[in-house]
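Student: Okay, handing you the structure first.
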Amino acid sequence: MFNTSHYPHKSSKELRASLLLFQLLSYPLLIRLVLTLWKFVHFFRVPISPFIQLTGYYQFCAGKDVASCHVATSHMKVFNVKSVLDYANEHAKKESDFEQNLEIILKTIHEAANNDAYPFAVLKPSAIGSFLLYEKMSNGFAFNPIELASWERIKIRLEACTLAAAKSKIVLMIDAEESWIQPGVDTLILPLIKAYNKKRVVVAITIQLYLKGALDYFKQLTADTTIYFLGVKLVRGAYMEKERKRAQLLGIPSPVCDTKAQTDYQYRQALVLALEHIDRNLCIVATHNEDDINWMKHHVKKDVGIQHKNVWFSQLYGMRDYISFSLAAAGANVLKYVPFGPPRQSIPYLMRRAIENSSVKSQTKKELKMLKQALESRKTNA
Ligand SMILES: Cc1cc2nc3c(=O)[nH]c(=O)nc-3n(C[C@H](O)[C@H](O)[C@H](O)COP(=O)(O)OP(=O)(O)OC[C@H]3O[C@@H](n4cnc5c(N)ncnc54)[C@H](O)[C@@H]3O)c2cc1C
2 MFNTSHYPHK SSKELRASLL LFQLLSYPLL IRLVLTLWKF VHFFRVPISP FIQLTGYYQF
62 CAGKDVASCH VATSHMKVFN VKSVLDYANE HAKKESDFEQ NLEIILKTIH EAANNDAYPF
122 AVLKPSAIGS FLLYEKMSNG FAFNPIELAS WERIKIRLEA CTLAAAKSKI VLMIDAEESW
182 IQPGVDTLIL PLIKAYNKKR VVVAITIQLY LKGALDYFKQ LTADTTIYFL GVKLVRGAYM
242 EKERKRAQLL GIPSPVCDTK AQTDYQYRQA LVLALEHIDR NLCIVATHNE DDINWMKHHV
302 KKDVGIQHKN VWFSQLYGMR DYISFSLAAA GANVLKYVPF GPPRQSIPYL MRRAIENSSV
362 KSQTKKELKM LKQALESRKT NA
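When the sequence shown is numbered by the working numbering, its final residue is 383 and no position is left out of the sequence of numbers.
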């Protein structure tokens with residue numbers, strides 16, 4: 002159980018603003034209207050600063066750059082909630098974008114070296130390399146010389162981030178994206194894990210338990226004796242609709258489990274497996290699912306102690322704060338995924354969050370209920 006009034010980092014005014022935003026997010030029609038409006042605003046380069054408050058930017062993003070995130074992340078650290086800075090640039094396409102993203106990711110890693118609010122750094126493979134190249138590699142197609150050169154540059158970027166993470170003594174997490182680029186991504190990441198995770202976890206990967214076969218893959222990685230230390234972030238997966246649509250279009254079976262119950266089963270079994278190897282391997286329980294969090298909390302407490310260095314609970318910035326702050330108050334290691342980036346560029350990220358929230362109605366309802374309870378309890382205690 003979580004303490005429902007546990008929003009110690011927010012003033013009542015901030016709580017009311019969050020409540021209003023989540024109320025708006027509970028209207029899918031309104032979200033669609035805003036998304037259409039955004040396309041217009043983006044196309045005509047309409048300035049967005051006058052109505053930035055309405056976009057949810059400050060609810061889900063901590064700032065426009067690494068430096069401006071300090072206010073939010075240092076405030077959360079007071080309550081023992083740590084952060085990982087997640088650069089919200091979802092649609093990089095050009096080599097110059099990839100280079101620019103690399104610079105910013107390296108900045109987050111260097112920042113982490115000197116600030117214990119940031120024990121992790123994170124990158125999305127598609128932020129530093131072409132989606133199409135990952136896809137081509139996944140399909141086993143040969144590269145032409147230009148593509149080969151681009152592929153080599155992705156390798157160099159990944160190596161630079163890994164080396165920086167090793168020197169900064171932090172963990173570099175690699176996010177998981179669409180399943181059809183993952184085999185290509187793995188060809189680059191697995192050798193880095195084998196090379197760098199010899200004394201501790203430097204590179205951690207993400208496993209999406211909504212994928213059929215993901216549990217077997219996790220078992221296989223755990224049993225792989227060429228991997229010294231394994232670090233995994235366990236998620237259900239964020240691209241279900243897209244995965245299913247693509248499979249339908251191509252006339253292939255969907256890679257995603259057929260039911261939520263199957264995904265839930267795989268997720269729970271992954272937690273069981275992670276716990277069995279927790280003395281050696283790192284596990285980041287990245288979910289908002291209270292049943293799983295409670296289950297893990299209970300077993301970690303019983304088996305190895307809630308503060309065990311290899312168990313982290315992680316939620317997204319601006320979401321499920323009562324869970325994160327209650328866990329931290331109970332002594333668990335907690336990590337908020339903290340997106341940042343210039344407002345205009347972060348809108349695609351915010352859109353994804355808005356769509357996710359409006360389509361997962363139970364999540365928004367729960368968020369609303371908890372915010373209302375927190376405000377009520379403050380009134381009663383005032
Ligand atoms: C800290 C953090 C980091 C994350 N990083 C990533 C990442 O790198 N890559 C990524 O893909 N996602 C990532 N996510 C998002 C995550 O995958 C989920 O989309 C999100 O957390 C909701 O799932 P849940 O476990 O919190 O909650 P729940 O509400 O219990 O589960 C919802 C999820 O269940 C699955 N699901 C829902 N309906 C069905 C169905 N009918 N059949 C099969 N499965 C179904 C979907 O994955 C859906 O998102 C991250 C989430 C967090 C909190």
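Think of the CB as a built atom: it goes at the ideal place given N, C-alpha and C, for glycine as much as any other residue.
Is the stretch 97-113 in contact with the stretch 164-174, if contact means three or more CB pairs nearer than 8 Å?
Tutor: yes
Student: From the DSSP output, in three-state form, read off Ser12 for me.
Tutor: Sequence index remark: in the sequence shown, residue 12 carries index 11 (1-based). In this structure, Ser12 counts as coil in the three-state DSSP scheme.
Student: Which residues in the same chain have their Cβ closer than 6 Å to the Cβ of Arg158, if we skip the five residues on either side of it in sequence?
Tutor: Locating residue 158 in the sequence shown gives position 157, counting from the first residue. The answer, listed in chain order, is Leu103, Ile129.
Student: Of the residues Ile348, Pro343, Met352, which one's Cα is nearest the Cα of Ala68?
Tutor: Along the sequence shown, read from residue 1 onward, the residue named residue 68 stands at position 67. Ala68 has its Cα closest to that of Pro343, out of Ile348, Pro343, Met352.
Student: Between Leu16 and Tyr28, is the Cβ-Cβ spacing less than 7 Å?
Tutor: One-based indexing of the sequence shown puts residue 16 at position 15. One-based indexing of the sequence shown puts residue 28 at position 27. If you check the CB distance, Leu16 and Tyr28 do not come in under 7 Å.
Student: Give every residue of the same chain whose Cβ lies closer than 8 Å to the Cβ of Tyr80, excluding the five residues on either side of it in the sequence, and list them in chain order.
Tutor: In the sequence shown, counting from the first residue as 1, residue 80 sits at position 79. Per the sequence presented here, residue 80 reads as Phe, with Tyr not at that position. If we look at Phe80 and ignore the five residues flanking it on each side, its Cβ neighbours are Pro9, His10, Phe326, Ala329, Ala330.
Student: Is it buried or exposed, Pro146, if we count other Cβ atoms within 10 angstroms and call 16 or more buried?
Tutor: For this step, residue 146 is matched to residue 145 along the sequence shown. Counting Cβ neighbours within 10 Å, Pro146 comes out exposed, since fewer than 16 surround it.
Student: Can the beta-carbon of Tyr135 be found less than 7 Å from the beta-carbon of Leu210?
Tutor: Position 134 of the sequence shown, counting from 1, holds the residue named residue 135. Position 209 of the sequence shown, counting from 1, holds the residue named residue 210. Contact: no.
Student: Only counting runs of 3 or more residues, tell me where the beta strand (DSSP E) segments fall wholly within the stretch 249-336, in order along the chain.
Tutor: 283-287, 312-317
Student: Looking at Cys62 and ligand 1, is the gap between the Cβ and the nearest heavy atom below 6 Å?
Tutor: Within the sequence shown, residue 62 is the residue found at index 61, counting from 1. Answer for Cys62: no, Cβ out of range of ligand 1.
Student: Enumerate, from N- to C-terminal direction, the unbroken alpha helix (DSSP H) stretches of 4 or more residues contained entirely within the stretch 147-192.
Tutor: none
Student: Can you tell me whether Gln60 is buried or exposed, with buried defined as 16 or more other CB within 10 angstroms of its CB?
Tutor: Within the sequence shown, the letter at position 59 stands for residue 60. By the neighbour-count rule (16 or more Cβ atoms within 10 Å), Gln60 is buried.
Student: Cβ of Tyr338 versus every heavy atom of ligand 1: is any distance shorter than 6 Å?
Tutor: For this step, residue 338 is matched to residue 337 along the sequence shown. Flag set: Cβ of Tyr338 near ligand 1.
Student: Do Phe314 and Val286 count as a contact pair if the criterion is CB distance below 7 Å?
Tutor: Working through the sequence shown from its first residue, we reach residue 286 at position 285. Working through the sequence shown from its first residue, we reach residue 314 at position 313. Yes. Within cutoff.
Student: If you run the structure through DSSP and keep just helix, strand and coil, what is Leu86?
Tutor: Against the sequence shown, residue 86 aligns to sequence position 85. If DSSP states are grouped into helix, strand and coil, Leu86 belongs with the strands.
Student: Measuring straight from C-alpha to C-alpha, what distance separates Ile206 and Asp176?
Tutor: Taking the sequence shown and counting its residues from 1, one reaches residue 206 at position 205. Taking the sequence shown and counting its residues from 1, one reaches residue 176 at position 175. About 7 Å.
Student: Using a Cβ-based criterion (distance less than 6 Å to any ligand heavy atom), does Thr260 qualify as near ligand 1?
Tutor: Within the sequence shown, numbered from 1, the residue matching residue 260 stands at position 259. Yes, the beta carbon of Thr260 sits closer than 6 Å to at least one heavy atom of ligand 1.
Student: Check each candidate in Lys94, Phe142, Val85, Ala118 and name the one with the smallest Cα separation from Ile106.
Tutor: As a position in the sequence shown, residue 106 is number 105, starting the count at 1. If we check each option's Cα against that of Ile106, Val85 comes out closest.
Student: How long is the line joining the alpha carbons of Arg321 and Leu276, rounded to whole angstroms?
Tutor: The residue given as residue 321 occupies position 320 in the sequence shown. The residue given as residue 276 occupies position 275 in the sequence shown. Answer to the nearest angstrom: the Cα atoms are 24 Å apart.
Student: Check the DSSP bridge columns for Gln221 and list the partner residues they point to.
Tutor: Mapped onto the sequence shown, residue 221 falls at position 220. According to DSSP, Gln221 bridges with nothing at all.
Student: Beta-carbon within less than 8 Å of Ile307's beta-carbon, same chain only, minus the 5 sequence neighbours each way: which residues are those?
Tutor: The residue you call residue 307 lines up with position 306 of the sequence shown. If we look at Ile307 and ignore the five residues flanking it on each side, its Cβ neighbours are Lys298, Val301, Ala331, Gly332, Ala333.
Student: Cβ of Arg237 versus every heavy atom of ligand 2: is any distance shorter than 6 Å?
Tutor: Absent from the structure shown: ligand 2. Ligands present: ligand 1.
Student: How long is the line joining the alpha carbons of Arg281 and Met174, rounded to whole angstroms?
Tutor: Taking the sequence shown and counting its residues from 1, one reaches residue 281 at position 280. Taking the sequence shown and counting its residues from 1, one reaches residue 174 at position 173. Cα-Cα distance, rounded: 17 Å.
Student: Can you list, in chain order, the residues of its chain whose CB lies under 7 Å from that of Leu25, leaving out five sequence neighbours each side?
Tutor: Within the sequence shown, residue 25 is the residue found at index 24, counting from 1. Hits under 7 Å: Leu31.
Student: Out of curiosity, what's the CA-to-CA distance linking Ser75 and Leu317?
Tutor: Position 74 of the sequence shown holds residue 75. Position 316 of the sequence shown holds residue 317. Distance between the alpha carbons of Ser75 and Leu317: 16 Å.
Student: So, helix, strand or coil for Ala63, using DSSP?
Tutor: Taking the sequence shown and counting its residues from 1, one reaches residue 63 at position 62. If DSSP states are grouped into helix, strand and coil, Ala63 belongs with coil.
Student: With distances taken Cα to Cα, identify the nearest neighbour of Thr163 among Pro184, Ala271, Phe23, Pro126.
Tutor: By one-based count along the sequence shown, residue 163 stands at place 162. Cα-wise, what sits closest to Thr163 is Pro126.
Student: Taking the alpha carbon of Ile190 as the point to measure from, which residue in Ala215, Leu222, Leu212 has its own alpha carbon closest?
Tutor: Here the question's residue 190 lines up with position 189 in the sequence shown. When only C-alpha atoms are compared, the closest one is Leu222.
Student: Helix, strand or coil: which one does DSSP assign to Tyr338?
Tutor: Locating residue 338 in the sequence shown gives position 337, where the first residue counts as 1. Tyr338: strand per DSSP, three-state reduction.
Student: Give me whichever residues DSSP pairs with Lys234 in a beta bridge.
Tutor: Looking up residue 234 in the sequence shown gives position 233. Bridge partners of Lys234: Thr207, Ile285.
Student: Report the partner residues of Leu124 according to the DSSP bridge assignment.
Tutor: Here residue 124 is taken as the residue at index 123 of the sequence shown, counted from 1. Partner(s): Ile175.
Student: Using the Cα positions of Ala63 and Cys70, report the straight-line distance between them to the nearest angstrom.
Tutor: On the sequence shown, residue 63 is found 62 positions in, with the first residue counted as 1. On the sequence shown, residue 70 is found 69 positions in, with the first residue counted as 1. Near 5 Å, if we compare the C-alpha coordinates of Cys70 and Ala63.
Student: Is the CB-CB distance between Met352 and Leu36 below 7 Å?
Tutor: Your numbering for residue 352 matches position 351 in the sequence shown. Your numbering for residue 36 matches position 35 in the sequence shown. Cβ distance < 7 Å, so Met352 and Leu36 count as in contact.
Student: Please identify the residue among Leu216, Lys137, Ala150, Leu235 whose C-alpha is closest to the C-alpha of Thr188.
Tutor: On the sequence shown, residue 188 is found 187 positions in, with the first residue counted as 1. Among Leu216, Lys137, Ala150, Leu235, the Cα nearest to that of Thr188 is on Lys137.
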